[in-house]
Amino acid sequence: MEVFSQFIQLFFSGLTIGSIYALIAIGFVVTYNVTGVLNFAQGEFAMLGALTAISLSGAGLPLWAAISLAIAIVVLIGALFEKTAIYPARHSSGATLIIITIGVSFVFRGLAIFIWGTQPKSLRPFTANDPITIFQAVLLPQNLWAIAISLVGVFSMGYFFNKTYIGKAVSACVVNKFAARLMGIHPEKMSLIAISISAGLGALAGIVIAPISGASYNMGMMLGMKAFVAAVIGGLTNAPAAVVGAFLLGILESFAEGFWSAGLKDAISFALLLMMLFVKPNGLFAKATGKRV
Amino acid sequence: MKRNGQVLLTVEHITKQFGGVVAVNDVSFDVNKGEILAVIGPNGAGKTTLFNIVTGILAPSSGTVRFNGTDITGKKPYQIAQLGMTRTFQNLEVFTNMSVIENVMTGAHRNMKTSFLQAGLRVPSVKKEEKAVEEKAMRCLEKVGIAHLAYERAETLPYGNQRLLEIARAIAAEPALILLDEPMAGLNDEESRWLVEVILQLRKEGLTFVFVEHDMETVMAISDHIVVLDNGVKIGEGTPEEIYRNKAVVAAYLGEEETVC
Amino acid sequence: MHERRLGTWLFALGILLFPLIVHSNYLLSILIMIGFYSLVCNGLTMLMGYAGQISLGHAAFYGIGAYTTAYLSATHGWSPWLSIIAGAVISAFIAFIVGIPTFKLKGHYLALATLGFGVIVYTCFKEFTSITGGMNGFFGIPSIKLFAWEFSNDARFYYLIWTVVLLSLLFSQNIIHSRVGRALRSIEGSEAASDAVGIDIMRYKLQVFVYSAICASIAGSLYAHYVTFINPQAFDAMLSIYFLIMVITGGASSIWGAVIGSSVFVLLSELLKEVVPLVFSNAGGEFEIVFFGVLLVVMLIYMPNGLTAAWKKITGKWRTSTTLSPAAKGGGGR
Ligand SMILES: Nc1ncnc2c1ncn2[C@@H]1O[C@H](COP(=O)(O)OP(=O)(O)OP(=O)(O)O)[C@@H](O)[C@H]1O
Ligand SMILES: [Mg+2]
């Protein structure tokens, strides 16, 4: 029973962190699909969302208002980021664009130090946080919130891209930019929409995790890189697969930490990343293609 | 069907599928030493795909390619090039980050010896080799007529000269066979005529050419032998006169060409 | 004499005379830091600038060099010279093994793989406490001796590091203007075309990766002997990105890009450390990364080929030079 309860405990914390990775990873995939940019600043949106929400709620706003406003602000920051850094460089090579997003992530992190300092802060839980005991494993309601919100996020994204007009327009750009243009869709506008949405998803992820593990200026980098690993497991272009990858990674990390060593869990995630890249670079579900000459 | 001469390249029952599309379908032909062979066919006939298979960029779904007696199917592109087969590209692939002459010197890579360590320490043999290869590159540029541009940055060259540069780079490797993928595309009449002259001159010096071309006048004028592809299938083969007389070819390709133009 | 050799000699002379003219330990220590980074960036410029292969993990080799020499010389009493070489050999070996699968990847995937590699190595520094001392750090790394001569003060160390930097710059410059250098650049220019002229792309990517790893490793080893105390945080992913900033700032159109990029980076961070607290009194930590972020974005959008290229454009020296025809022969470019 001892081992079983530990198992349940680890499984749930894996699902929690996995759900955070999932939200950020969807943002990666959406951005990558529409703009071809691998956005290293994606994790910083989580940091910005969390810290903004903490400040707003500290200023006296009710929690729901602080959260909504924080997400809206980060969406605007995302749009600004697209206009100032991605759009002017849209014709650059993939590597150049990656490095630009790294530069932007530095800017976000530095500004966060300036605004919020280096001390970690925390957000109060969404609801009363009395532990619930299931099979002797202790769970916090906030964990359930995290999992539930990310699932809602995942499904509403699915709905958005497959059912709404704008969502379909964005998807059309992914399939064929040229044809999309003929249909009267502007790929440039879609790039703006995609990055703004991704920013909002990132902010949501940061806000959800803030009551559990706190928030600080440097939380974005690792979250972002882990979400990368998840997206790569899913093949970088497939959002549902990235979500599956995110949960797999969260659970793997949680068990590695519980049964082995907290310090080595990062090494394990990145070893998984390398293995995926070396063995199945296009994800668990895809086939390779090369440049045509 | 048999031609006289020594066979340099043999393409045997090559088939290439991309998913459902059969881009090249059971194509066979020989290329003789010293000959100019044209591969013609409408857009999407599979010409570039065939080139990519022969040069090792793509692996065929089935069939074999033999070059100079050795089976080169499945070999890597650089290994095939090292055996003495170079090519130019339909959509130019000039090294835009180098000068014109460095492009050509890069072409001579396979006949040079300098290793990483030797280069870094600049042992005396490196200096000698560099000097020799630069002179050789200059001669190659002279052959195609752009020696005066040797020290310009390659990316500043106009389109036609970039095509010539690709040829100079290809001959710097001292190959036995050169594959030209639509060498005249985008050239004006004068440039095309010069290019024909260059090719004929190089052939005289012993080079063998396989080329893809849409301009029938040029094809008929300079090729010794023509292979016609349509929809991935070889629908005809022979001398220019034979191709003119071949009803299937005229129907499937030349006829279509005329209605299009 | 070639123009490019003349530049090198003048630079060497400047390096030689500097400590005799300027007596400031602060400035010397800054130049020593620039030296370490120049050595790393020299190899990285070959890898990223000339061969066009991105690496976001070179802090790993810098760290492997540092920890290997620390462990062998402090714990096992090896001569630092030997332990530095051992570090370089280990780095070269790891680069080779890691490089084989890694360089089958391109673009994004290559960036991610090298980043992942860097994080894994960093985690190892942190976790293998019995060798590295973990987060507490590694103390008591001995200084380097040449016979009775000990590289213990800044002036002596300055000459040591810059001698190594100059030698490596010379080596790289020789590479660039050779068959090997052209092969490397052809990979950046067009992989399809370099394949088509018979260049074994994988082999050259591996060679230049190993070379860049050796440069980083030696720099890291020398750094360890200079500061005598190291800890894992000195070798995290941020450092890899700082290297990237230096290489991009300097640019790859000349081998001097490595020195220029490192100098700009070190001087800028020193300046920011002085100025930022005066302007924003409450800004602690690594606030200065804002400026590096902006620098990176602005460079890449407006000056993607770095300062050296911008300089060449301004002075009109666009024509590339070869053995027989130094740039001088051609005169103005466009
Ligand atoms: N890498 C690839 N993946 C999928 N299909 C391909 C690929 N390369 C070529 N094809 C398809 O194979 C067919 C033959 O193409 P190919 O480029 O060989 O024609 P081509 O004769 O060179 O035409 P063109 O005269 O336009 O250059 C076309 O239908 C093309 O779409
Ligand atoms: Mg073609």
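Chains as they are written, first to last, in my numbering: chain A, 88 to 380; chain B, 167 to 427; chain C, 10 to 343.
We put the beta carbon where it would ideally sit given N, CA and C, even for glycine.
Quick caveat: nothing in here was measured; it's all calculated off a predicted structure.
Taking 7 Å as the CB threshold, V268 of chain C stays off the interface with chain B.
At a cut-off of 7 Å, the C-beta of A182 of chain A has a neighbouring C-beta in chain C. Neighbours of G273 of chain B across chain C, judged by C-beta separation under 7 Å: V206. With fewer than 16 other beta carbons inside 10 angstroms of its own, M270 of chain A counts as exposed. An exposed status is given to I202 of chain A, since fewer than 16 other beta-carbon atoms sit within 10 Å of its beta-carbon. The three-state secondary structure of L371 of chain A, taken from DSSP, is coil. Look at V289 of chain B here: in three-state DSSP terms it is coil, with no helix or strand label. Counting only residues of its own chain and dropping the five nearest sequence neighbours on each side, L114 of chain C has a CB closer than 7 Å to the CB of A122.
Burial state of D237 of chain B is exposed, judged by a 10 Å Cβ sphere holding fewer than 16 other Cβ atoms.
Residues of the region 318-349 of chain A that bring their beta carbon within less than 8 Å of a beta carbon in chain C comprise V319, L323 and S348, in sequence order. For the pair F247 of chain A and T103 of chain A, the Cα-to-Cα distance works out to about 24 Å.
Pairing L345 of chain B with L124 of chain C, the inter-Cα distance amounts to about 40 Å.
For A211 of chain B, the CB falls within less than 6 Å of some heavy atom of ligand 1. An exposed status is given to Y325 of chain B, since fewer than 16 other beta-carbon atoms sit within 10 Å of its beta-carbon. Contact residues of the region 146-167 of chain A toward chain C are absent (C-beta to C-beta distance below 7 Å).
E371 of chain B carries a coil assignment under DSSP once its states are collapsed to helix, strand and coil. For H391 of chain B, the pairing in a beta bridge is given by DSSP as B:L203. Taking 6 Å as the cut-off, one finds at least one heavy atom of ligand 1 near enough to the beta carbon of T215 of chain B.
Flagged as an interface residue toward chain B: I184 of chain C, by a C-beta distance shorter than 7 Å. For chain A, the residues of the region 97-121 of chain C that bring a beta carbon within less than 7 Å of one of its beta carbons are P110, L114, G116, H117, Y118, A120 and L121, in chain order. Minimum Cα-Cα distance from A317 of chain A among the listed residues A:A281, A:L288 and A:L359 corresponds to A:L359. Among the residues facing chain C, P290 of chain B is not included, as its CB has no counterpart in that chain under 7 Å away.
Distance from the Cα of S106 of chain A is smallest, within the candidate group A:P207, A:F334 and A:S179, for A:F334.
Apart from sequence neighbours up to five positions away, the residues of its chain that approach F261 of chain B with a beta-carbon distance below 7 Å are N269, T272 and A320, ordered along the chain. For E136 of chain C, the enclosing alpha helix (DSSP H) has its first and last residue at G116 to E136. CA-CA distance, P110 of chain C to S100 of chain C, rounds to 16 Å.
With the criterion set as a beta carbon lying under 7 Å from some beta carbon of chain A, the members of the region 39-63 of chain C are I63, in sequence order.
Taking the Cβ atoms as the reference, N126 of chain A lies roughly 5 Å from T188 of chain A, within the contact range of under 8 Å. With respect to the 7 Å criterion, A267 of chain C and C50 of chain C are classified as neighbours on the basis of their beta carbons. Nearest in C-alpha terms to S144 of chain A, of all of A:M363, A:G101 and A:L210, is A:L210. Under the 7 Å criterion on CB atoms, V189 of chain C is classed as non-interfacial with respect to chain A. Secondary structure at T237 of chain C: coil, using DSSP grouped into helix, strand and coil. Proximity of V128 of chain C to chain A, defined by a Cβ-Cβ separation below 7 Å, is satisfied. Identification of chain C residues near V194 of chain A by a Cβ-Cβ cut-off of 7 Å yields V299, G302 and V303, ordered along the chain.
The beta carbon of G198 of chain C sits closer than 7 Å to some beta carbon of chain B. Scanning A:M363, A:G123, A:P274 and A:I296 for the CA closest to the CA of G101 of chain A turns up A:I296.
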